[in-house]
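Novice: Got a structure here, written out as structure tokens. Questions coming.
Numbering (my numbering), first residue to last: 1 to 179.
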């Protein structure tokens with residue numbers, strides 16, 4: 001199945017020889033995220049950006065996928081966030097290597113690590129060289145009328161998905177908030 005319009009497209013390909021249709025491959029070419037966000041909220045852009053790449057769903061249980069996706073000019077409720085790259089590879093059976101990066105617009109954030117599908121365990125490391133809190137502000141408007149500043153630090157998440165051990169340090173700088 002391919003849907004295309006004005007240079008952007010989304011293609012979904014399922015394995016017709018298997019009853020579950022897996023692997024399911026979703027390919028995106030110049031696909032604007034606004035097309036999806038407008039379905040939910042039409043008066044404002046929840047998310048905007050242009051996606052290129054591929055996501056392959058390997059299994060529902062245990063949940064496994066691989067991806068090579070890049071979102072250029074990512075905006076969250078009209079706040080520039082930069083470029084988001086989501087790279088998930090399976091080099092060893094049932095082990096996903098995760099590499100997520102958000103760079104640009106005063107953001108430099110990475111998440112790297114592993115997800116073990118059969119055991120439902122993970123070892124992830126979040127590193128924030130800098131994160132612009134304006135990217136979170138639109139999502140906390142029920143609690144805060146205004147939020148800006150920067151966050152830095154590192155956090156690790158390790159263990160079973162349903163009982164993660166999270167450790168780390170986060171620091172804020174020049175935070176301005178109004179309740």
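All residues carry an ideal CB built from backbone N, CA and C; glycine is no exception.
Every value quoted in this text rests on a predicted model; they were computed, and no experiment measured them.
1. Counting along the chain, where does the alpha helix (DSSP H) carrying residue 38 start and finish?
2. Could you spell out where the beta strand (DSSP E) holding residue 50 opens and where it closes?
3. Consider the Cβ of residue 169: report whether some Cβ of chain D lies at a distance smaller than 9 Å.
4. What is the DSSP secondary structure of residue 164, counted as helix, strand or coil?
5. Among all the DSSP beta bridges, which residues are the ones paired with residue 77?
6. Evaluate contact between the stretch 159 to 178 and the stretch 136 to 149, counting only Cβ atoms and requiring at least three cross-stretch pairs below 8 Å.
7. Beta carbon of residue 136, beta carbon of residue 113: below 9 Å?
8. On the criterion of 16 or more Cβ atoms from any shown chain inside 10 Å, does residue 165 qualify as buried, or is it exposed?
9. Using the three-state DSSP reduction, which class does residue 150 fall into: helix, strand or coil?
10. Start and end of the beta strand (DSSP E) containing residue 99?
11. Does the separation of the CB atoms of residue 157 and residue 126 fall below 9 Å?
12. Where residue 70 and residue 85 are concerned, what is the direct C-alpha to C-alpha distance, given to the nearest angstrom?
13. Are residue 61 and residue 48 close, meaning C-beta to C-beta below 9 Å?
14. According to DSSP, which residues form a beta bridge with residue 70?
15. So residue 115 is in the beta strand (DSSP E); what residue range does that whole segment cover?
16. Can you tell me the Cα-Cα spacing of residue 100 and residue 110, whole angstroms?
Specialist: So, from the data block:
1. 34 to 40
2. 47 to 60
3. Of the protein chains in this structure there is only one, and it is not chain D.
4. coil
5. Residue 77 pairs with nothing; no bridge assigned.
6. yes
7. no
8. exposed
9. strand
10. 95 to 104
11. yes
12. 4 Å
13. no
14. 52, 85
15. 107 to 116
16. 6 Å
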